[in-house]
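Colleague:
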Amino acid sequence: MSKPAVNGHDANGHTGRSDRIQIINDEKQFTPDLNAQLEEWALRDVGFNYNIVSVFGSQSTGKSTLLNRLFGTNFDVMDETKRQQTTKGIWMCRGQDMSVMVMDVEGTDGRERGEDQDFERKSALFSLASSEVLIVNVWEHQVGLYQGANMGLLKTVFEVNLGLFGKKSADSSNQRTLLLFVIRDHIGTTPLANLQATLTADLQRIWDSLSKPEELANCKLEDYFDLAFTALPHKILAADKFEEEVRRLRGRFVEKGRDDFLFKPAYHKRIPADGVAFYMENIWEQVQTNKDLDLPTQQELLAQFRCDEISAGALAEFNEQAKPQKRPIEAGKVIDGLGGMMRSWRAQALARYDRDASRYHQGVYKRKRADLIATLDSTLSPLFVGQLKNLHKSCLVAYKKEIMEGLRRENYNFADVVGKARGQCEANFTQGAKEAVVSEEEATWNWEEELGLLKEEVRNVADQLRKDETKKMVNAIERNFKKQIAEPVELLLTRAEPNMWDEILRTFQISLIKVENGYLTKAKSFDCTDEENNNALAILRKRAWLALRAKIDEQTADTVILGKLRAYFEERFRYDEHGVPRVWRPDDDIDGAFKKARDQTLELIPLYSKIEPVDPALAYKPPPEPVSTELTSPEEDFDFEASLTVYSESKALDLTNRFRRDADAYYVEAKRSTVSSIAQVPYWMYGVLVVLGWNEAMMVLFNPFYFAMVLILLAGSYITIQLGMLGPLLQVTGTVGREIRRQAENKLREHFSEPLQAQAARAQRGLENDESDIEPLPKNGTRPIM
Numbered sequence: 003m004s005k006p007a008v009n010g011h012d013a014n015g016h017t018g019r020s021d022r023i024q025i026i027n028d029e030k031q032f033t034p035d036l037n038a039q040l041e042e043w044a045l046r047d048v049g050f051n052y053n054i055v056s057v058f059g060s061q062s063t064g065k066s067t068l069l070n071r072l073f074g075t076n077f078d079v080m081d082e083t084k085r086q087q088t089t090k091g092i093w094m095c096r097g098q099d100m101s102v103m104v105m106d107v108e109g110t111d112g113r114e115r116g117e118d119q120d121f122e123r124k125s126a127l128f129s130l131a132s133s134e135v136l137i138v139n140v141w142e143h144q145v146g147l148y149q150g151a152n153m154g155l156l157k158t159v160f161e162v163n164l165g166l167f168g169k170k171s172a173d174s175s176n177q178r179t180l181l182l183f184v185i186r187d188h189i190g191t192t193p194l195a196n197l198q199a200t201l202t203a204d205l206q207r208i209w210d211s212l213s214k215p216e217e218l219a220n221c222k223l224e225d226y227f228d229l230a231f232t233a234l235p236h237k238i239l240a241a242d243k244f245e246e247e248v249r250r251l252r253g254r255f256v257e258k259g260r261d262d263f264l265f266k267p268a269y270h271k272r273i274p275a276d277g278v279a280f281y282m283e284n285i286w287e288q289v290q291t292n293k294d295l296d297l298p299t300q301q302e303l304l305a306q307f308r309c310d311e312i313s314a315g316a317l318a319e320f321n322e323q324a325k326p327q328k329r330p331i332e333a334g335k336v337i338d339g340l341g342g343m344m345r346s347w348r349a350q351a352l353a354r355y356d357r358d359a360s361r362y363h364q365g366v367y368k369r370k371r372a373d374l375i376a377t378l379d380s381t382l383s384p385l386f387v388g389q390l391k392n393l394h395k396s397c398l399v400a401y402k403k404e405i406m407e408g409l410r411r412e413n414y415n416f417a418d419v420v421g422k423a424r425g426q427c428e429a430n431f432t433q434g435a436k437e438a439v440v441s442e443e444e445a446t447w448n449w450e451e452e453l454g455l456l457k458e459e460v461r462n463v464a465d466q467l468r469k470d471e472t473k474k475m476v477n478a479i480e481r482n483f484k485k486q487i488a489e490p491v492e493l494l495l496t497r498a499e500p501n502m503w504d505e506i507l508r509t510f511q512i513s514l515i516k517v518e519n520g521y522l523t524k525a526k527s528f529d530c531t532d533e534e535n536n537n538a539l540a541i542l543r544k545r546a547w548l549a550l551r552a553k554i555d556e557q558t559a560d561t562v563i564l565g566k567l568r569a570y571f572e573e574r575f576r577y578d579e580h581g582v583p584r585v586w587r588p589d590d591d592i593d594g595a596f597k598k599a600r601d602q603t604l605e606l607i608p609l610y611s612k613i614e615p616v617d618p619a620l621a622y623k624p625p626p627e628p629v630s631t632e633l634t635s636p637e638e639d640f641d642f643e644a645s646l647t648v649y650s651e652s653k654a655l656d657l658t659n660r661f662r663r664d665a666d667a668y669y670v671e672a673k674r675s676t677v678s679s680i681a682q683v684p685y686w687m688y689g690v691l692v693v694l695g696w697n698e699a700m701m702v703l704f705n706p707f708y709f710a711m712v713l714i715l716l717a718g719s720y721i722t723i724q725l726g727m728l729g730p731l732l733q734v735t736g737t738v739g740r741e742i743r744r745q746a747e748n749k750l751r752e753h754f755s756e757p758l759q760a761q762a763a764r765a766q767r768g769l770e771n772d773e774s775d776i777e778p779l780p781k782n783g784t785r786p787i788m
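Here you go:
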């Protein structure tokens with residue numbers, strides 16, 4: 003009966019239970035606590051001054067007991083009354099009073115794992131790759147057996163070890179592993195030398211049959227492994243000899259001066275102790291991911307065959323159901339209820355597989371089921387993605403259509419129209435996408451990314467529409483601005499007063515403020531950003547200035563400006579200060595009036611030549627350049643400073659010369675009018691008229707009748723003029739005269755047309771008389787002879 007542990011050690015000197023750690027559990031998981039355990043064992047900082055040994059062999063062959071005897075460890079040992087598995091996974095313990103890490107590996111060929119040899123292969127390979135000395139525990143009666151001596155397992159391990167770690171070992175010829183065969187229950191009938199020869203021959207034959215990499219085809223067993231052999235008597239029948247041989251074997255692990263010392267430098271992996279945990283974890287990861295160790299059992303082989311067959315049948319039926327929907331999806335059609343159909347097809351296929359395949363090996367069944375799900379999803383995924391793409395397109399088309407219909411309504415709010423259309427579009431897509439999802443538990447059926455793309459396109463469409471609407475609004479405001487400034491600017495340019503440009507710029511700025519406020523009011527419904535508003539206002543100011551400049555150019559064209567100059571000159575030359583037309587007399591100062599009017603008119607040309615207000619505060623500052631040029635066109639580019647100049651110096655000189663010629667024509671005309679007024683009737687002619695008309699005048703004055711008639715006519719004329727009846731009298735006189743003329747013309751027509759009618763009547767009467775003189779014929783048609 004064993005004694006309880008005291009201070010971490012039992013009565014036999016073994017270390018306590020807390021001094022061991024399961025580095026790999028039976029679920030094939032590597033412990034994260036090995037580094038901390040090495041530090042607790044005071045082995046983490048020993049550098050290269052440590053050794054690693056492990057044991058390998060069939061289950062229930064006394065491996066844990068051997069390790070406890072050799073290294074003073076406290077691994078669990080088998081209850082000999084039950085003969086069941088004791089060690090699960092791989093355990094590690096520090097040797098008593100030794101810098102040795104001892105690993106106890108789960109036994110092979112156990113009934114608990116049955117045909118599942120996966121962990122056996124992986125644990126054996128891990129032990130072989132990480133240990134300096136691998137103790138192969140084997141019964142004497144198993145020597146010469148293939149499975150009993152674990153030769154089949156060693157072959158697999160050797161082959162995989164050569165593929166994983168062979169190149170590294172070949173590059174370092176002094177790094178090898180010692181395989182120490184401990185032959186248990188040796189009774190001496192067969193000498194150890196014969197047993198050694200048998201095992202060596204078996205190992206050599208296994209090595210020669212390995213499938214080696216091409217570059218390692220000529221490598222030998224001794225390039226990688228050293229072989230050592232020892233025998234132990236029966237633990238129960240020869241207990242004393244057994245303990246003696248164990249102590250002797252322990253000396254080979256402890257006494258470094260012995261020739262047969264087992265921990266030779268050639269076996270050390272040259273890994274510092276603080277890196278052992280990471281090194282072993284890396285080896286286990288490579289072992290775990292190596293598929294050459296995953297050799298199936300007979301039950302697994304049958305399950306693989308049947309599950310593949312069942313899966314193929316379910317998949318064939320599934321493909322027949324899914325095939326008709328591929329063409330509509332590829333044609334861009336959104337299929338109603340596609341998600342429900344896909345979920346139904348998938349559920350039917352899995353139900354058929356589960357019904358027939360669930361009776362076979364569960365690991366294979368689950369693995370093949372996962373493969374079937376992946377295959378089903380790979381077929382459904384293009385349908386799902388196609389449905390999302392088509393749904394994306396249809397929702398985008400509906401979104402554009404709804405916006406266009408909203409924009410055709412009167413008094414629409416752009417932000418409301420776009421917001422409503424966007425919400426409806428995203429809701430329709432989300433509803434359709436959720437319906438198309440086959441399984442919400444898997445990331446394959448993710449539609450959020452497509453929704454993000456749709457939102458981006460919707461945002462781009464809204465931005466473009468907003469820019470178009472903003473451009474339309476800016477154009478409309480520009481037209482309104484042109485109407486507002488057209489008449490005032492034209493009137494001010496016609497008046498041509500000294501403060502003309504002040505009034506024009508004042509009118510311009512007032513109108514510009516109005517249109518800017520109008521834009522900002524309307525832009526609120528467009529949901530524009532401050533940057534977009536600033537950009538649109540910059541464009542609006544630029545266009546407003548260009549519109550003003552265009553109106554100025556229109557009103558200062560050559561023909562127009564010459565007309566204005568002529569009118570201005572004519573107003574000052576041909577009219578006096580009271581606006582009364584002048585009638586030039588020979589004694590008038592025509593030259594002075596002409597010079598004054600001409601000089602005043604010529605002063606207008608410099609005024610028109612440049613936009614320069616008298617009040618500097620009214621000077622228009624150049625509008626800022628727009629950040630975005632989407633609302634502008636290339637022809638809108640201009641130089642503001644250059645736009646202030648209406649006429650160049652050469653153009654002004656040309657206008658001056660042309661006006662001078664027109665003014666000279668007015669001057670010549672005025673001079674001619676004075677000459678015509680000088681060429682009047684001579685005064686002596688009036689005396690001649692008096693002498694010649696004296697008698698007639700006297701006759702009228704001294705004849706009472708004529709004199710009375712003259713007085714009556716003069717009095718009637720005076721009264722008519724005073725009463726303002728001259729116009730109506732003339733109109734009545736004209737009407738009466740026209741009526742008399744009309745009556746006279748009618749009488750004359752009647753007079754000249756009457757003789758012709760009389761002649762026609764007489765001719766008609768004569769014809770009738772002639773016919774009456776002719777006798778009628780008798781009834782027989784013959785006239786009698788007289």
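Every letter in the sequence shown is one number past the one before it in the working numbering, and letter 418, counting from 1, is 420.
Even glycine gets a Cβ: it sits at the ideal position worked out from N, Cα and C.
For clarity, every value in this text was computed on a predicted model and none was experimentally measured.
1. Taking the CB atoms as reference points, tell me whether Met-105 and Ile-54 lie closer together than 9 Å.
2. May I ask which residues mark the beginning and end of the beta strand (DSSP E) holding Ile-92?
3. From Met-502 to Ser-675, what distance separates their C-alpha atoms?
4. Looking at C-alpha atoms only, which residue of Ser-313, Met-343, Ile-23 is the closest neighbour of Ala-324?
5. With 16 as the cutoff for other CB atoms within 10 Å, does Phe-255 come out buried or exposed?
6. Please classify Ala-44 as buried or exposed, where buried requires at least 16 other C-beta atoms within 10 Å of its C-beta.
7. Look up Asn-430 in the DSSP assignment and say whether it is helix, strand or coil.
8. Identify every residue that forms a DSSP beta bridge with Tyr-688.
9. Return the chain-ordered list of same chain residues with a C-beta closer than 7 Å to the C-beta of Met-153, the five sequence neighbours on each side being excluded.
10. For Glu-245 and Ser-360, what's the separation of their Cα atoms in angstroms?
11. So what does Phe-510 bridge to, in DSSP terms?
12. Thr-722 and Leu-731 look like a contact to me (Cβ under 8 Å); what is the Cβ gap, rounded to whole Å?
13. Does the separation of the CB atoms of Gly-341 and Ala-400 fall below 9 Å?
14. Return the CA-CA distance between Asp-21 and Thr-179, expressed in angstroms with no decimal places.
15. Tell me, please, whether the CB atom of Cys-95 is closer than 9 Å to any CB atom in chain C?
16. Given a threshold of 16 other Cβ atoms within 10 Å of its Cβ, counted over all protein chains shown, does Val-491 qualify as buried or as exposed?
17. Distance, Cα to Cα, Thr-2 vs Ala-644?
18. Using the three-state DSSP reduction, which class does Ser-60 fall into: helix, strand or coil?
19. Leaving out the 5 sequence neighbours to the left and right, which residues in its chain are closer than 6 Å to Leu-297 when beta-carbon positions are compared?
20. According to DSSP, is Tyr-414 helix, strand or coil?
21. Report the CB separation of Phe-431 from Leu-456 in whole angstroms; it is logged as a contact under 8 Å.
22. May I have the straight-line CA-CA distance separating Phe-571 from Thr-603, to the nearest angstrom?
23. Run the CB neighbour count on Ile-189, radius 10 Å, all protein chains shown included, and call it buried at 16 or more, exposed below.
24. For Tyr-269, which option in Leu-229, Val-248, Asn-284 has the closest C-alpha, if you only look at C-alpha atoms?
25. Mind checking who Phe-227 pairs with in its DSSP beta bridge?
26. What separation, rounded to the nearest whole angstrom, lies between the Cα atoms of Val-582 and Ala-665?
27. For Arg-584, name the three-state secondary structure that DSSP assigns.
28. Taking the continuous alpha helix (DSSP H) assigned at Leu-70, which residues delimit it?
29. Could you check what DSSP says for Gln-24 in three-state terms: helix, strand or coil?
30. Helix, strand or coil for Ala-233? Go by DSSP, reduced to three states.
31. Find out if the Cβ-Cβ distance for the pair Asn-535, Tyr-521 is shorter than 9 Å.
32. Helix, strand or coil: how does DSSP classify Val-184 here?
33. Of all the options Asn-139, Ala-316, Arg-345, which has the alpha carbon lying nearest to the alpha carbon of Arg-357?
34. Phe-50 to Ala-275, Cα distance in whole Å?
35. In angstroms with no decimal places, state the Cα-to-Cα distance between Glu-247 and Tyr-367.
36. Looking at C-alpha atoms only, which residue of Ala-240, Leu-201, Leu-218 is the closest neighbour of Asp-187?
Modeller: The relevant details are as follows:
1. Residue 105 sits at position 103 when you count from the first residue of the sequence shown. Residue 54 sits at position 52 when you count from the first residue of the sequence shown. Yes, they are a contact pair.
2. Indexing the sequence shown from 1 puts residue 92 at position 90. Element bounds for Ile-92: 92-96.
3. In the sequence shown, the residue the question calls residue 502 occupies position 500. In the sequence shown, the residue the question calls residue 675 occupies position 673. Distance between the alpha carbons of Met-502 and Ser-675: 35 Å.
4. As a position in the sequence shown, residue 324 is number 322, starting the count at 1. Ranking Ser-313, Met-343, Ile-23 by Cα distance to Ala-324 puts Met-343 first.
5. Here residue 255 refers to the residue found at position 253 when the sequence shown is read from its first residue. With 16 or more other Cβ atoms within 10 Å, it is buried.
6. Taking the first residue of the sequence shown as 1, we reach residue 44 at position 42. Per the 10 Å Cβ criterion, exposed.
7. In the sequence shown, counting from the first residue as 1, residue 430 sits at position 428. Helix, per DSSP.
8. For this step, residue 688 is matched to residue 686 along the sequence shown. DSSP output for Tyr-688 lists no bridge partner at all.
9. Taking the sequence shown and counting its residues from 1, the one referred to as residue 153 is at position 151. If the five residues before and after Met-153 are omitted, its C-beta is found closer than 7 Å to the C-beta atoms of Asp-204, Ile-208, all from its own chain and listed in chain order.
10. One-based indexing of the sequence shown puts residue 245 at position 243. One-based indexing of the sequence shown puts residue 360 at position 358. As the crow flies, the alpha-carbon of Glu-245 is around 53 Å from that of Ser-360.
11. For this step, residue 510 is matched to residue 508 along the sequence shown. Phe-510 pairs with nothing; no bridge assigned.
12. Residue mapping note: residue 722 aligns to position 720 of the sequence shown, counting from 1. Residue mapping note: residue 731 aligns to position 729 of the sequence shown, counting from 1. Correct: roughly 6 Å between the Cβ atoms.
13. As a first step, residue 341 must be located in the sequence shown, where it is residue number 339. As a first step, residue 400 must be located in the sequence shown, where it is residue number 398. For Gly-341 and Ala-400, no; Cβs fall outside 9 Å.
14. The residue labelled residue 21 in the question sits at position 19 within the sequence shown. The residue labelled residue 179 in the question sits at position 177 within the sequence shown. Taking the straight line joining both Cα atoms gives about 26 Å.
15. As a matter of chain content, chain C is missing from the structure shown, which is built from one protein chain.
16. Working through the sequence shown from its first residue, we reach residue 491 at position 489. So Val-491 ends up on the buried side.
17. A question about residue 2 goes unanswered here, because the residues of the chain that appear run from 3 up to 788.
18. By 1-based counting over the sequence shown, the position of residue 60 is 58. If DSSP states are grouped into helix, strand and coil, Ser-60 belongs with the strands.
19. Counting from one through the sequence shown, the residue named residue 297 turns up at place 295. Bear in mind that a pLDDT of 46 at Leu-297, under 50, signals an unreliable position, so the model cannot answer this.
20. Taking the first residue of the sequence shown as 1, we reach residue 414 at position 412. Here Tyr-414 sits in coil by DSSP.
21. Taking the sequence shown and counting its residues from 1, the one referred to as residue 431 is at position 429. Taking the sequence shown and counting its residues from 1, the one referred to as residue 456 is at position 454. Rounded, the Cβ-Cβ distance is 6 Å, consistent with contact.
22. Translated into the one-based positions of the sequence shown, residue 571 becomes position 569. Translated into the one-based positions of the sequence shown, residue 603 becomes position 601. Phe-571 and Thr-603 have their C-alpha atoms some 6 Å from each other.
23. Indexing the sequence shown from 1 puts residue 189 at position 187. Flag for Ile-189 reads exposed.
24. The residue given as residue 269 occupies position 267 in the sequence shown. Checked all of Leu-229, Val-248, Asn-284; the closest Cα to Tyr-269 is Leu-229.
25. As a working mapping, residue 227 is identified with position 225 in the sequence shown. Phe-227 pairs with Thr-179.
26. Locating residue 582 in the sequence shown gives position 580, where the first residue counts as 1. Locating residue 665 in the sequence shown gives position 663, where the first residue counts as 1. A direct Cα-Cα distance of roughly 20 Å separates Val-582 from Ala-665.
27. Stepping through the sequence shown from its first residue, residue 584 is reached at position 582. Note: Arg-584 maps to coil in three-state DSSP.
28. What you label residue 70 is simply residue 68 of the sequence shown in a count that begins at 1. Checking the displayed sequence, the identity of residue 70 turns out to be Asn instead of Leu. That run of the alpha helix (DSSP H) goes 65-73.
29. By 1-based counting over the sequence shown, the position of residue 24 is 22. Gln-24 falls in the strand class under three-state DSSP.
30. One-based indexing of the sequence shown puts residue 233 at position 231. In this structure, DSSP gives Ala-233 an extended state, which the three-state scheme calls strand.
31. Within the sequence shown, residue 535 is the residue found at index 533, counting from 1. Within the sequence shown, residue 521 is the residue found at index 519, counting from 1. For Asn-535 and Tyr-521, yes; Cβs fall inside 9 Å.
32. Numbered from 1 along the sequence shown, position 182 holds the residue referred to as residue 184. The DSSP-derived three-state label of Val-184 is strand.
33. Here residue 357 is taken as the residue at index 355 of the sequence shown, counted from 1. Distance from the Cα of Arg-357 is smallest, within the candidate group Asn-139, Ala-316, Arg-345, for Ala-316.
34. Here residue 50 refers to the residue found at position 48 when the sequence shown is read from its first residue. Here residue 275 refers to the residue found at position 273 when the sequence shown is read from its first residue. Going by the C-alpha atoms only, they are around 6 Å apart.
35. Taking the sequence shown and counting its residues from 1, one reaches residue 247 at position 245. Taking the sequence shown and counting its residues from 1, one reaches residue 367 at position 365. The C-alpha of Glu-247 lies about 51 Å from the C-alpha of Tyr-367.
36. Numbered from its first residue, the sequence shown carries residue 187 at position 185. The shortest C-alpha separation from Asp-187 is found at Ala-240.
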